[in-house]
Structures are given as C-alpha cells and as structure tokens.
Amino acid sequence: MLKYDYFGHACFGLDDGEHRIIVDPFLTGNPAATIKIDEVIAEYVLVTHAHGDHSGDAPAICMHTGATLVGIPEYIDPMEGAMQTIGMNLGGTLKTNFGFVRMVPALHSSGAPGGIACGYVIGMGGKVIYYSGDTALFSDMKLLGERDKIDCAVLPIGGHYTMDAIDAARAVEFVGAAKVIPLHYDTWDVIKQNPEDLKKLVKGAEVCILKPGESTEI
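Residue 886 is where the sequence shown starts when you use the numbering used here, and the numbers rise one by one after that.
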C-alpha cells in the first residue's frame, strides 16, 4: 500500500508504511497548509524548484528531521554541509531505500540562478508516481509513460503559473496514468479553479480530488 497525504497547495507526502517522503514543502505562510514543520516525519525532502511556494520549508524540515534534501544542484549546493543533500539533474535516477527517484523535465522558471525546474518519477511501495511540478504541457511527457507504467500522476491545474485543467487532462493522456490527483490551485485567487472541470475532461483515468488534510491510497 502507498498512502498519499495532501498538505495543501503543492505539498504532499508519500508513505509506504515503512518510509516517508515529503515533496515541495511550503507550510509556513501557506493559508492552505494542514501540517507544521515540527509535525513532519520524512527521510527525504524532494524539491522541484526554488520558488518559495515549493521550497519554503525544505531546509527547516531537513534540519528538524535529519531528512536528505534532493533537488537541482544550483538549489542544493549552497546548503551542502548544513544538512544531508543530494544534487541531481534531469534524466538522473537516485536509488533509495524505498525504491527510486528519477528527475524529469518541467517547463517553468526555477527560482535559483542558473537552475532549472524539474518534475519527478517516484517508485515507492510497488507504485510509480509522476509529479510534474510546476509546468506547462509539453509533448515529451509521452516518453515518461513509455518508460514506466504510471500508476498516478500528480498535476497542477491552477493556470496562470502552470497548466490548467484542460492541459492537465491532456497530460494524463500523454503519460497514460491510471489515476490523477490535482494540486496547485485555489491557494490564492489568481489560481482559483474548479477541480471538477478536470474530472469532466479526463477520460480513462480516475480523478481523485482531495482537500488539504485528506489522504488517498495509490
């Protein structure tokens, strides 16, 4: 079993019953956050890019939990020595005690000078999860589904800064995901969206709409 916990905005955790990771932790100052830094339990913290609404609490969580921070080198390198870090780059695969983490492309600005934004394909608990990070739709998403059978795609739908529900539905088709979980919407008015629109657009996959604080099994 693999449990997905939604903590608000673009932050979520994965728990296979033995190992826990947290992705894009933005808790402090997040009006949708449902957990505090001192409540986080994690072995790895994955960050897709350095914008504050994705990386804001990553260093503090690593310092508090002893977790290893994973991300693009330009974001990771300045923190080397202060905590456990692993810098990686697009196309790289990190083998972990729970499975693997593969860093994949995203089309978005990075928030770190010289850096780039990314997404992740995560193998955990016998499942494969694709988290696109903040991105526009791009056709090479199809290659991800050709390499791995994607059990669940975690995709932004807020528009303005990322793809919207229309493009997210196409992304589900591109990667061939069996299930999709939307995030990165409604935190602020500029990304206000109705997630039910995604449910109407997606064909052949389960759409799981979660409120912050809710969980589902993947």
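Note that the Cβ used here is the ideal one computed from N, Cα and C, for glycine as well.
{"Check": "Where the alpha helix (DSSP H) through I1066 begins and ends", "Outcome": "Premise fails: I1066 lies in the beta strand (DSSP E), 1064-1068, not in any alpha helix (DSSP H)."}
{"Check": "Nearest-angstrom Cα separation, counted from A895 out to Y1016", "Outcome": "10 Å"}
{"Check": "Identified DSSP bridge partners for E1081", "Outcome": "BP columns for E1081 are empty, so no partner."}
{"Check": "C-beta atoms of G874 and M886 nearer than 9 Å", "Outcome": "No statement about residue 874 is possible, as the shown extent of the chain runs from 886 to 1103 and does not include it."}
{"Check": "Contact check, T950 vs Y1005, beta carbons under 9 Å", "Outcome": "no"}
{"Check": "Beta-carbon proximity list for E1102, same chain, < 8 Å, skipping 5 on both sides", "Outcome": "M886, L887, K888, Y889"}
{"Check": "Secondary structure of A1059, DSSP reduced to three states", "Outcome": "Here residue 1059 turns out to be Phe, not Ala, going by the sequence shown. F1059 falls in the helix class under three-state DSSP."}
{"Check": "Classification of R987 by the beta-carbon crowding that lies within 10 angstroms, buried from 16 upward", "Outcome": "buried"}
{"Check": "Opening and closing residue of the alpha helix (DSSP H) in which C947 lies", "Outcome": "943-950"}
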